[in-house]
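What follows is one structure encoded as structure tokens, with my remarks underneath.
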């Protein structure tokens with residue numbers, strides 16, 4: 049009779065190794081696939097190794113994306129292995145089914161997702177053993193041993209498990225149904241990329257779109273700023289006029305305390321100061337800048353974006369390499385900025401290890417000499433979620449490139465956290481003359497470095513030199529000069545990567561309801577530290593934003609349509625906030641799981657019905673005209689009801705007489721002109737005045753920004769730039785429905801791509817309106833361009849983003865990875881392509897057909913340039929063949945035929 053053992057399952061290999069080391073007595077089995085001792089077996093998952101079935105895997109009828117079949121609400125949600133993790137699942141199944149395993153210990157992360165990962169494994173395998181829960185927030189040896197002495201019953205976490213499952217299923221319901229519904233109503237017939245909609249992705253896009261519309265609709269407003277020079281006897285200084293009674297306005301953000309919008313008033317104030325005197329007073333004090341907290345992932349991504357202009361995806365990839373490959377930092381996908389209270393000794397060990405380093409030695413020695421600062425806020429169990437803050441491990445390796453920069457940032461932040469504040473000398477001076485107030489400063493100079501010494505900063509004495517102290521209170525000063533400068537307001541700046549991460553993290557601030565705000569704050573905002581990089585990357589892949597996060601016409605059109613349809617919760621953080629509030633009730637047992645899913649199903653149905661009932665005439669009614677139609681107004685025709693007006697439609701602005709192609713006067717203005725969205729404010733100016741002012745945001749075919757003016761010439765919109773005039777984009781395309789009065793749209797969306805074609809090549813037939821789009825899904829990191837490039841699945845191929853971007857710029861023979869989806873009449877699956885990229889050669893694949901109609905089998909090999917080659921059996925190998933493979937294969941380079949654009953788009 050074998051001795052009964054407990055199987056420990058962790059969320060990731062590193063945690064399994066920590067447990068094995070802490071408990072002791074284990075022996076590695078099957079090459080490190082698991083460890084075994086007299087009492088325990090320990091193995092691991094690799095994050096989420098299961099996903100929910102796709103709709104077409106539930107029922108083949110859903111392959112068509114027919115809107116009439118929506119909503120899709122499965123009776124039961126079934127799991128499938130994530131491609132590439134089949135072997136890991138096989139190992140876990142074999143261990144769970146061992147006769148001597150009578151207990152399972154859930155050692156996955158102590159949070160909702162960790163609970164879900166474990167329960168998915170148990171459900172998929174059908175495990176029946178007793179489950180116990182290890183709940184750790186610290187990974188020290190002592191904490192792990194103590195955790196095993198106080199294991200909880202698995203049923204104690206049933207509420208958390210139910211909330212985790214509800215979250216995953218609700219995201220599936222909303223995402224799958226909304227994406228299919230709006231893809232069918234918004235896409236053009238030539239489009240293959242779906243109009244993806246999701247609980248987190250869409251509100252994130254809305255943040256960018258709302259800011260973009262503010263920028264595009266901004267009209268410069270002139271104002272005046274008055275600066276005066278004062279003579280204080282022993283020194284001169286400048287002061288700027290300001291209004292001490294000013295109060296900021298949310299509706300008029302351009303108003304500031306030092307801006308005068310009335311020119312006559314500004315000139316009157318300036319004139320009254322000639323030869324005048326004033327009375328000056330000042331305050332001098334010191335200002336403290338406390339050391340920053342330790343990094344969590346979002347903080348690290350913001351720092352690298354600000355310092356190096358990195359994308360959040362690039363930071364995450366470098367952090368993963370530093371964690372997994374180099375093992376120089378702790379787990380990076382964390383939302384915590386604190387350490388467990390029992391980590392003091394570990395911090396001391398790390399500081400001592402860094403004390404001998406050439407770069408970090410001085411900063412570490414300062415901590416050892418003076419003691420740690422900021423212990424109370426740093427060692428805080430309440431501030432630790434499922435993982436603690438990112439810190440170095442104490443291993444010092446010779447890193448290079450991105451990895452070296454990221455490691456340096458983590459080490460310096462770790463050392464800076466335990467340093468004292470930086471101290472600044474600060475002075476602020478107010479001068480009053482003739483009832484008018486003038487401010488100088490506040491000016492600051494760094495006096496005590498504190499934590500800034502870790503970043504090699506130097507002290508400053510600028511304040512004392514630039515602004516010597518006044519001799520006494522109420523000092524008399526003489527005005528010697530004045531300068532009244534005319535300026536214009538500027539639009540708000542666009543949101544960069546660091547700014548977007550902050551807005552996502554603090555999305556609760558955008559909600560007025562305090563209860564919902566608290567729920568969203570407790571849930572880390574929109575997305576999580578681990579998912580925000582992918583969310584932002586997906587917005588780019590889905591073509592909602594460009595590489596600089598500037599929304600495209602497609603992104604703007606989606607958000608405005610959803611808002612007009614009155615499904616605003618889809619575009620607001622409120623949906624996530626309300627979801628988190630209800631999930632907390634599921635976890636506590638206040639709300640039954642079935643009740644939650646019923647309500648989510650009801651909301652999903654409402655969203656789908658809104659898409660089904662979408663009527664462009666109702667969405668853009670003729671009740672708010674932009675102005676008189678310039679074509680009709682210039683004609684000799686007489687109109688009984690007055691000159692027809694211009695109204696907004698889905699994709700354009702048009703005269704009321706234009707109700708179908710080639711009808712009425714023909715006047716219309718596309719909302720997308722040379723890559724720039726024509727917002728309603730500028731469209732109104734164009735209609736009323738016949739021209740706009742100089743506008744920013746136009747793009748050339750090579751994606752270069754330029755400024756231009758829009759002008760109406762003989763009833764057509766013309767783009768006038770420094771290079772001359774050109775007709776605005778107006779080539780038609782056929783949309784899946786009318787989008788307004790006519791099914792036509794802007795240049796760059798040609799009709800006629802065969803929608804259901806497996807070959808991905810262009811055909812002459814129109815697309816059926818219920819065909820399934822091919823979503824640009826990230827498949828793997830690019831092996832040809834390792835610095836942040838990714839391989840995505842397109843309608844005709846698996847292509848790296850670098851190659852796609854080069855092709856978009858018009859390059860005829862771009863370099864980079866490209867693997868056709870259809871190769872010799874055989875479709876390559878995503879799993880096969882992933883394996884090819886990971887190992888550079890596949891197992892033997894069956895089902896290829898030669899140009900002579902003969903079936904054949906072959907292995908596929910990835911070439912250094914990113915192409916593919918056939919490797920045939922029974923023949924000699926060549927230099928590209930991997931040494932580990934038997935010497936019985938011959939390599940034959942695959943030469944692709946047909947349209948390059950059809951494969952890569």
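Residue numbers (the numbering used here): 49 to 953.
Cβ coordinates follow ideal geometry from the N, Cα and C atoms, glycine included.
- When DSSP states are grouped into helix, strand and coil, residue 868 belongs to the strand group.
- Non-local beta-carbon contacts of residue 388 in its own chain, meaning distances under 8 Å to residues more than five positions away in sequence, involve 185, 186, 188, 191, 427, 429, 432, 436 in chain order.
- Within the model, the alpha-carbon separation for residue 515 versus residue 270 is close to 31 Å.
- Relative to residue 490, the option among 411, 476, 753, 273 whose CA is nearest is 476.
- For the pair residue 208 and residue 630, the Cα-to-Cα distance works out to about 12 Å.
- Measuring C-alpha to C-alpha distances from residue 832 to each of 845, 851, 841, 826 identifies 851 as the nearest.
- CA-to-CA, the gap between residue 320 and residue 328 works out to about 18 Å.
- A straight-line Cα-Cα distance of about 12 Å links residue 675 and residue 730.
- For residue 690, there is no enclosing alpha helix (DSSP H), since its DSSP letter is neither H nor E.
- Here residue 463 really is in contact with residue 408; their C-beta atoms are around 6 Å apart, less than 8 Å.
- The alpha helix (DSSP H) runs of length 4 or more contained entirely in the region 277-312 do not exist; there are none.
- The criterion of a C-beta distance shorter than 8 Å is satisfied by residue 866 and residue 845.
- When the five nearest sequence neighbours on each side are left out, the beta carbons in the same chain lying within less than 6 Å of the beta carbon of residue 617 are those of 623, in order along the chain.
- Residue pairing from DSSP places residue 88 in a beta bridge opposite 54.
- The three-state reading of DSSP puts residue 602 in helix, counting H, G and I together.
- Looking at the DSSP output, residue 527 bridges to 278.
- Annotation for residue 920: the continuous beta strand (DSSP E) segment containing it runs 916-921.
- About 6 Å separates the CB atoms of residue 677 and residue 691; that is less than 8 Å, so the two are in contact.
- Around the beta carbon of residue 536, fewer than 16 other beta carbons sit within 10 angstroms, so the residue counts as exposed.
- Residue environment: residue 287 is assigned as buried (16 or more neighbouring CB atoms within 10 Å of its CB, all protein chains considered).
- Pairing residue 60 with residue 95 gives a Cβ-Cβ distance under 8 Å.
- When rounded, the separation of the alpha-carbon atoms in residue 525 and residue 480 is 10 Å.
- If you compare the alpha carbons of 403, 304, 264 with that of residue 744, the shortest gap goes to 264.
- Three or more Cβ pairs closer than 8 Å define a contact, and the region 489-508 meets that threshold against the region 457-473.
- Contact between residue 55 and residue 144 holds: CB atoms are separated by about 6 Å, below the 8 Å threshold.
- In the DSSP assignment, residue 500 falls outside any beta strand (DSSP E) and carries neither an H nor an E.
- Minimum Cα-Cα distance from residue 57 among the listed residues 115, 902, 109, 158 corresponds to 158.
- Distance from residue 170 to residue 152 at the Cβ level is roughly 7 Å; contact confirmed, criterion being Cβ atoms closer than 8 Å.
- Taken in chain order, the complete alpha helix (DSSP H) segments of 4 residues or longer contained in the region 412-466 are 423-426, 449-465.
- Counting only residues of its own chain and dropping the five nearest sequence neighbours on each side, residue 106 has a CB closer than 8 Å to the CB of 120, 122, 126.
- A contact between stretches requires three or more CB pairs, one per stretch, nearer than 8 Å, and the region 242-259 fails this requirement with the region 297-313.
- Between residue 233 and residue 662, the C-beta spacing is below 8 Å.
- In the displayed model, residue 124 falls within coil according to three-state DSSP, outside both helix and strand.
- Within the DSSP secondary-structure output, residue 758 pairs in a beta bridge with 767.
- Three or more beta-carbon pairs drawn from the region 440-459 and the region 340-356 are found closer than 8 Å, and the two stretches are therefore classed as touching.
- Residue 164 and residue 218 have their C-alpha atoms spaced approximately 14 Å apart.
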